[in-house]
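Chains as they are written, first to last, in the UniProt record's numbering: chain A, 1 to 237; chain B, 1 to 237. Reviewing the structure listed below.
There are 2 protein chains.
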Amino acid sequence: MSSDWEIPAVAVAVDLVVLTVRSARLQVLLVERGIEPYAGKLALPGGFLASEREDVDTAAGRELAEETGLRPENLHLEQLRTYGAPNRDPRRRVIAVAYLAIVPDLPEPTAGGDARSARWVPVSQVLTRRATLAFDHQRILSDGVERARSRLEYSALATAFCPPQFTVADLRNVYEIVWGETLDPRNFHRKVTGVADFLVPTGGHTTKHGGRPAALYRRGTADVLHPPILRSTGGWR
Amino acid sequence: MSSDWEIPAVAVAVDLVVLTVRSARLQVLLVERGIEPYAGKLALPGGFLASEREDVDTAAGRELAEETGLRPENLHLEQLRTYGAPNRDPRRRVIAVAYLAIVPDLPEPTAGGDARSARWVPVSQVLTRRATLAFDHQRILSDGVERARSRLEYSALATAFCPPQFTVADLRNVYEIVWGETLDPRNFHRKVTGVADFLVPTGGHTTKHGGRPAALYRRGTADVLHPPILRSTGGWR
DNA sequence: GCCCGTAATCATCACCTTGACGAGAAGTGC
DNA sequence: GCACTTCTCGTCAAGGTGATGATTACGGGC
Numbered sequence: 001m002s003s004d005w006e007i008p009a010v011a012v013a014v015d016l017v018v019l020t021v022r023s024a025r026l027q028v029l030l031v032e033r034g035i036e037p038y039a040g041k042l043a044l045p046g047g048f049l050a051s052e053r054e055d056v057d058t059a060a061g062r063e064l065a066e067e068t069g070l071r072p073e074n075l076h077l078e079q080l081r082t083y084g085a086p087n088r089d090p091r092r093r094v095i096a097v098a099y100l101a102i103v104p105d106l107p108e109p110t111a112g113g114d115a116r117s118a119r120w121v122p123v124s125q126v127l128t129r130r131a132t133l134a135f136d137h138q139r140i141l142s143d144g145v146e147r148a149r150s151r152l153e154y155s156a157l158a159t160a161f162c163p164p165q166f167t168v169a170d171l172r173n174v175y176e177i178v179w180g181e182t183l184d185p186r187n188f189h190r191k192v193t194g195v196a197d198f199l200v201p202t203g204g205h206t207t208k209h210g211g212r213p214a215a216l217y218r219r220g221t222a223d224v225l226h227p228p229i230l231r232s233t234g235g236w237r
Numbered sequence: 001m002s003s004d005w006e007i008p009a010v011a012v013a014v015d016l017v018v019l020t021v022r023s024a025r026l027q028v029l030l031v032e033r034g035i036e037p038y039a040g041k042l043a044l045p046g047g048f049l050a051s052e053r054e055d056v057d058t059a060a061g062r063e064l065a066e067e068t069g070l071r072p073e074n075l076h077l078e079q080l081r082t083y084g085a086p087n088r089d090p091r092r093r094v095i096a097v098a099y100l101a102i103v104p105d106l107p108e109p110t111a112g113g114d115a116r117s118a119r120w121v122p123v124s125q126v127l128t129r130r131a132t133l134a135f136d137h138q139r140i141l142s143d144g145v146e147r148a149r150s151r152l153e154y155s156a157l158a159t160a161f162c163p164p165q166f167t168v169a170d171l172r173n174v175y176e177i178v179w180g181e182t183l184d185p186r187n188f189h190r191k192v193t194g195v196a197d198f199l200v201p202t203g204g205h206t207t208k209h210g211g212r213p214a215a216l217y218r219r220g221t222a223d224v225l226h227p228p229i230l231r232s233t234g235g236w237r
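Laid out in structure tokens, this is it:
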């Protein structure tokens, strides 16, 4: 570092991997790019810092609110990782701080705000390359999905996919769809109800479906799952 | 985003949490700052991108080589997370991409390169505030240590603290010091030797110490620990 | 109302992993 | 040889897991 060396300044983008379970599939929120590069291509929602003074975490919450209309307080939003390869963006140097957001099945897909044609796309369609994404967003999405799968094992993340009140079956549905494997309902029930402070019974019961009504729960105070809920594949067992 | 809006450009710094086990303590590599702000204060080693084209991961490896003289190929280096609060640095807007590096006990503490007085400091001295760090480096260190502790459970990270050949006792020593708890030698031995592809016996044995010679191992191909090595505290059990 | 299908919940059992701990193996120092 | 240390193997009870049977509680058709 010689004294006439100038500190390089780069643009900082925030990209969001917003996941939900919709129509029995894991889906990701994508936007269609309106401008070059990659005009017309699907991409993760995101954008640059709004000002030189905006906090990066704040920017992520702001982008999420713009795209989904949801306040970040109510949902899960965590930093995923930062992607800093020099040629990510052909225009100029941009490093992207990626965030993972988990939202429940929204009534209106992307009604909120001034989002430019955001829509839900099944993750499988992207990961199998039936749909490809702009920039290195394919990689970011892949990392985000793997993070979510892993978090289901050790954290209460699954409840973020669910409405405020949900049944054990709802929860099992989340696990099965995100992990892509079927789980035994009886063992799953025993395990999740056995985890300390994971689920709190509300006293209510469902009434709709064709079987016995299920007890309703809301998420408890536990962030980490005491005995974890481990998947058979992907780990080891 | 109006059309006259300019994309904010910010400086990108790479900060390193370099951990090792030395003198039976978990220690972190720190430098004494020579310039304002925080001149004279201890800080994590790091620096700005060397050029507008430098990859962020590459920059982390470069900084590590400058500080320790070690080539990044031989050791563990992973991205920790990005710290993007607007007032991290009082001079100007800087976002820091922090990395976690694990190195074995080096023969020469900080002999390598042109490092400005880098030295090892016990982590406990920093976390208990007996020594304080510049910027938000206290928080970054804290996150890095917690990441390392967690990684010991599920990954082969502990071997990165060890020389190429090591004994089960060496490995147990790493776990005990990083976790800050004692482990039963007999159960630990059974567990680590039972994990698939974690340890490969070299055939050699130690000869030095006062007890029965220990078999020597080198790290195997496993990155994730099949049955994980769980700590009693901090997790749940 | 009664039978049936469905789904939720409870119960049982064999197996495995874990932690606690005993005991032998294989060196060093005196 | 003896005391001491550390490594390594074994045993056992307790608890978690997967597989699976049984029971509960609803809706729907007749």
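From the three backbone atoms N, C-alpha and C, an ideal C-beta is built for every residue, glycine too. Given the structure is predicted, the values throughout are model-derived calculations rather than measurements.
*Nearest-angstrom Cα distance between A/Val200 and B/Gly46?*
Here residue 200 of chain A corresponds to residue number 200 of the first sequence, with the count starting at 1. Here residue 46 of chain B corresponds to residue number 46 of the second sequence, with the count starting at 1. Roughly 46 Å between the two C-alpha positions.
*Would you please state the rounded distance, in angstroms, between the beta carbons of B/Trp120 and B/Gln27? I believe it to be under 8 Å.*
Working through the second sequence from its first residue, we reach residue 120 of chain B at position 120. Working through the second sequence from its first residue, we reach residue 27 of chain B at position 27. The Cβ separation is near 4 Å, so the contact holds.
*Any chance the CB of B/Tyr83 is under 7 Å from a heavy atom of the ligand FMN?*
The ligand FMN is not among the ligands present in this structure, which contains no ligands whatsoever.
_Minimum C-alpha distance to A/Glu63 - residue among A/Val14, A/Asp105, A/Glu36_ = For the purposes of this step, residue 63 of chain A is identified with residue 63 of the first sequence, where counting begins at 1. Checked all of A/Val14, A/Asp105, A/Glu36; the closest Cα to A/Glu63 is A/Val14.
*Output, in chain order, the set of chain B residues within a Cβ distance shorter than 7 Å of A/Val97.*
Against the first sequence, residue 97 of chain A aligns to sequence position 97. Under the 7 Å cutoff, chain B gives Thr82, Gly84.
*Should B/Arg62 be flagged as near chain A, meaning a C-beta pair shorter than 8 Å?*
Within the second sequence, residue 62 of chain B is the residue found at index 62, counting from 1. Judged by the 8 Å Cβ criterion, B/Arg62 is not in contact with chain A.
*By how many angstroms is the C-alpha of B/Gln165 removed from the C-alpha of A/Val123?*
As a working mapping, residue 123 of chain A is identified with position 123 in the first sequence. As a working mapping, residue 165 of chain B is identified with position 165 in the second sequence. If you take the alpha carbons of A/Val123 and B/Gln165, they lie about 43 Å apart.
*asked:* Can you give me the C-alpha to C-alpha distance between B/Leu42 and B/Ala215, rounded to a whole angstrom?
replied: Residue 42 of chain B sits at position 42 when you count from the first residue of the second sequence. Residue 215 of chain B sits at position 215 when you count from the first residue of the second sequence. Separation of B/Leu42 and B/Ala215 (C-alpha to C-alpha, rounded to the nearest whole angstrom) is 40 Å.
_Residue-level contact to chain B via CB, A/Trp236, 8 Å cutoff_ = Locating residue 236 of chain A in the first sequence gives position 236, where the first residue counts as 1. For A/Trp236, the predicted structure reports a pLDDT of 38, less than 50, and the residue's modelled location is therefore unreliable. A value from the coordinates is still provided. For A/Trp236, a Cβ of chain B is located within less than 8 Å of the residue's own Cβ.
_Cβ closer than 8 Å: which chain A residues qualify as neighbours of B/Arg33?_
On the second sequence, position 33 is the one that residue 33 of chain B refers to. Per Cβ cutoff of 8 Å: no residues; B/Arg33 is ~14 Å from chain A at best.
*In terms of DSSP beta bridges, what is A/Ser155 paired with?*
Sequence index remark: in the first sequence, residue 155 of chain A carries index 155 (1-based). DSSP lists A/Val224 as the beta-bridge partner residues of A/Ser155.
*Compare the Cα-Cα distances from A/Ser23 to each of A/Pro72, A/Arg71, A/Asp170, A/Arg149 and report the closest residue.*
Position 23 of the first sequence, counted from the first residue, corresponds to residue 23 of chain A. Looking at the Cα atoms, A/Asp170 is the closest of the given residues.
_Just checking: is the beta-carbon of A/Ser51 within a distance shorter than 8 Å of some beta-carbon in chain B?_
Residue 51 of chain A sits at position 51 when you count from the first residue of the first sequence. The Cβ of A/Ser51 sits closer than 8 Å to at least one Cβ of chain B.
*With distances taken from CA atoms, which of A/Leu77, A/Asp184, A/Ala59, A/Arg212 is nearest A/Arg151?*
Numbered from its first residue, the first sequence carries residue 151 of chain A at position 151. The candidate whose alpha carbon is nearest that of A/Arg151 is A/Leu77.
*Please determine, among B/Asp89, B/Gly210, B/Val12, B/Ala60, the residue with the shortest C-alpha to C-alpha distance to A/Val94.*
Looking up residue 94 of chain A in the first sequence gives position 94. Residue nearest to A/Val94 within the set B/Asp89, B/Gly210, B/Val12, B/Ala60 is B/Val12 (criterion: CA-CA distance).
*What is the DSSP secondary structure of B/Gly234, counted as helix, strand or coil?*
For the purposes of this step, residue 234 of chain B is taken as the residue at position 234 of the second sequence. Summary for B/Gly234: the model assigns pLDDT 41, below 50, so the residue's position carries little reliability; its value from the coordinates is reported in the next sentence. Here B/Gly234 sits in coil by DSSP.
*When the Cα atoms are used, what is the spatial distance from A/Thr202 to A/Tyr217?*
Within the first sequence, numbered from 1, the residue matching residue 202 of chain A stands at position 202. Within the first sequence, numbered from 1, the residue matching residue 217 of chain A stands at position 217. Distance between the alpha carbons of A/Thr202 and A/Tyr217 is about 5 Å.
*When you compare each of B/Val224, B/Leu49, B/Arg149 to A/Trp5 by their alpha carbons, which one comes out closest?*
Residue 5 of chain A sits at position 5 when you count from the first residue of the first sequence. Per the Cα distances, B/Leu49.
*Excluding the five sequence neighbours on either side, which residues of its own chain have a C-beta within less than 6 Å of the C-beta of B/Gly84, listed in chain order?*
Counting from one through the second sequence, the residue named residue 84 of chain B turns up at place 84. Taken in chain order, the residues that qualify are Ile95.
*Using the DSSP secondary-structure output, state which residues sit across from B/Val31 in a beta bridge.*
To locate residue 31 of chain B, count along the second sequence from 1; it is residue 31. Bridge partners of B/Val31: B/Ala43.
*How long is the line joining the alpha carbons of B/Arg237 and B/Phe198, rounded to whole angstroms?*
Along the second sequence, one-based indexing puts residue 237 of chain B at 237. Along the second sequence, one-based indexing puts residue 198 of chain B at 198. Note that B/Arg237 has pLDDT 36, beneath the 50 cutoff, so the model's placement of it is unreliable and the number below is only indicative. For B/Arg237 and B/Phe198, the distance between alpha carbons rounds to 23 Å.
*Residue interval of the alpha helix (DSSP H) (run including A/His189)*: Here residue 189 of chain A refers to the residue found at position 189 of the first sequence. From DSSP, the alpha helix (DSSP H) with A/His189 extends over 185–194.
*asked:* Quick check on the DSSP output: what are the complete alpha helix (DSSP H) runs of length 4 or more inside the UniProt domain "Nudix hydrolase" (5–147) of chain B, in order along the chain?
replied: Counting only runs that start and end inside the UniProt domain "Nudix hydrolase" (5–147) of chain B, the alpha helix (DSSP H) elements of at least 4 residues fall at 56–68, 123–127.
*Proximity test, Cβ basis, 8 Å: B/Phe48 and chain A*: Working through the second sequence from its first residue, we reach residue 48 of chain B at position 48. With a threshold of 8 Å between beta carbons, B/Phe48 makes contact with chain A.
*Taking the alpha carbon of A/Val92 as the point to measure from, which residue in A/Ala160, A/Gly144, A/Cys162, A/Pro8 has its own alpha carbon closest?*
The residue labelled residue 92 of chain A in the question sits at position 92 within the first sequence. The question names Val, but residue 92 of chain A is Arg in the sequence shown. The residue with the shortest Cα to Cα distance from A/Arg92 is A/Pro8.
_Against A/Ile7, what residues of chain B qualify as contacts under a CB-to-CB distance less than 7 Å, listed in chain order?_
Numbered from its first residue, the first sequence carries residue 7 of chain A at position 7. Result: Ala11, Phe48.
*Going along chain B, which residues have a C-beta under 8 Å from A/Glu176?*
By 1-based counting over the first sequence, the position of residue 176 of chain A is 176. Think of a sphere of 8 Å around the beta carbon of A/Glu176: no beta carbon from chain B falls inside it, the nearest being about 22 Å out.
*DSSP puts B/Pro213 in a beta bridge; with which residues?*
Against the second sequence, residue 213 of chain B aligns to sequence position 213. BP columns for B/Pro213 are empty, so no partner.
*Name, please, each residue of chain A whose Cβ falls closer than 7 Å to the Cβ of B/Asp89.*
As a first step, residue 89 of chain B is located in the second sequence; it is residue number 89 there, counting from the start. Neighbours of B/Asp89 on chain A: none; closest Cβ ~11 Å, over 7 Å.
_Simplified DSSP state of A/Phe161, which is helix, strand or coil_ = Working through the first sequence from its first residue, we reach residue 161 of chain A at position 161. A/Phe161 falls in the helix class under three-state DSSP.
*asked:* To be precise: take each residue of the segment 169–198 of chain A, compare its Cβ to all Cβ atoms of chain B, and keep it if any distance is under 8 Å. Which residues remain?
replied: Within the segment 169–198 of chain A, the residues whose Cβ lies closer than 8 Å to some Cβ of chain B are Ala196, listed in chain order.
*Based on Cα-Cα distance, which residue from A/Val192, A/Thr82, A/Ile140, A/Arg212 lies nearest to A/Leu19?*
Here residue 19 of chain A refers to the residue found at position 19 when the first sequence is read from its first residue. Ranking A/Val192, A/Thr82, A/Ile140, A/Arg212 by Cα distance to A/Leu19 puts A/Ile140 first.
_Measuring CB atoms only, is the segment 129–140 of chain A touching the segment 171–191 of chain A, in the sense that at least three cross pairs come out at less than 8 Å?_
Here the segment 129–140 of chain A does not lie against the segment 171–191 of chain A, with fewer than 3 beta-carbon pairs under 8 Å apart.
*Which term fits B/Asp223, buried or exposed, when burial requires 16 or more other beta carbons within 10 angstroms of its beta carbon?*
Counting from 1 along the second sequence, the entry for residue 223 of chain B is found at position 223. With fewer than 16 other CB atoms across the displayed protein chains lying within 10 angstroms of its CB, B/Asp223 is exposed.
*For A/Arg93, which residues in chain B fall below 8 Å Cβ to Cβ?*
Counting from 1 along the first sequence, the entry for residue 93 of chain A is found at position 93. The contacting residues are Glu52, Arg53.
*Rounded C-beta distance between A/Ser232 and A/Glu176? I'm assuming under 8 Å.*
For the purposes of this step, residue 232 of chain A is taken as the residue at position 232 of the first sequence. For the purposes of this step, residue 176 of chain A is taken as the residue at position 176 of the first sequence. Taking C-beta atoms under 8 Å as the contact rule, A/Ser232 and A/Glu176 fail to qualify, at a distance of about 12 Å.
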